[in-house]
Amino acid sequence: MTNNALSSGLILRLAHAMLLDGRPGNAAILADTAQAIGMKSEKILAIKAYALLLADEAQSASEAMAEWERDNREIGPASPLQILKAIIQQKSGDEEAARTILIRYSETVEKQMGGPHLPAAAA
1 MTNNALSSGL ILRLAHAMLL DGRPGNAAIL ADTAQAIGMK SEKILAIKAY ALLLADEAQS
61 ASEAMAEWER DNREIGPASP LQILKAIIQQ KSGDEEAART ILIRYSETVE KQMGGPHLPA
121 AAA
């Protein structure tokens, strides 16, 4: 295992512990720092966005997701991050965008898995 992988794993564990300890602001700062030093991981993005949501920073969480897509790559239509993205949209007050994201995610997963997987919130 490389030093970068070890560092990334430690940062993820520490940020997760901060979330569990009720310190979402600290977890968001740690995830942001990890991204700033070059750790480009969807797991770090997920922790950052979720931490911002817990800290009642839905707009900042939305900006973090948009920045990721602009700087790195688009979040795949079957990625579980789509669910987080929908929650962020809903918390930001855009119910229609949240519903659209969930429906598109569900349809993609349904095609891949061969069965209905529509989250109850989108039904």
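FYI, full-length UniProt numbering numbers position 50 of the sequence shown as 50, with every residue one higher than the one before it. Glycine included, every Cβ here is placed at the ideal spot set by N, Cα and C. Values in this document were obtained by computation on a predicted structure and should not be read as measured data.
Identify, in the order they occur along the chain, each residue of the same chain with its Cβ nearer than 6 Å to the Cβ of residue i, setting aside the five sequence neighbours on each side.
i   : result
A86 : A98, I101 and L102
L12 : K43
Report all residues from its chain with a CB closer than 8 Å to the CB of residue i; omit the five preceding and five following residues, and keep chain order.
i    : result
I75  : E42, M65, W68, E69, L81, Q82 and K85
R104 : P77 and Q82
L19  : A27, I47, Y50, A51 and L54
If contacts are defined as beta-carbon pairs under 8 Å, then residue i and residue j qualify, I think. What distance do you get, rounded to the angstrom?
i   : j   : result
A28 : A55 : 6 Å
Q35 : I44 : 6 Å
Near residue i, what residues of its chain come up, given a Cβ to Cβ distance below 7 Å and the 5 sequence neighbours on each side ignored?
i   : result
Q90 : A98
L14 : L30
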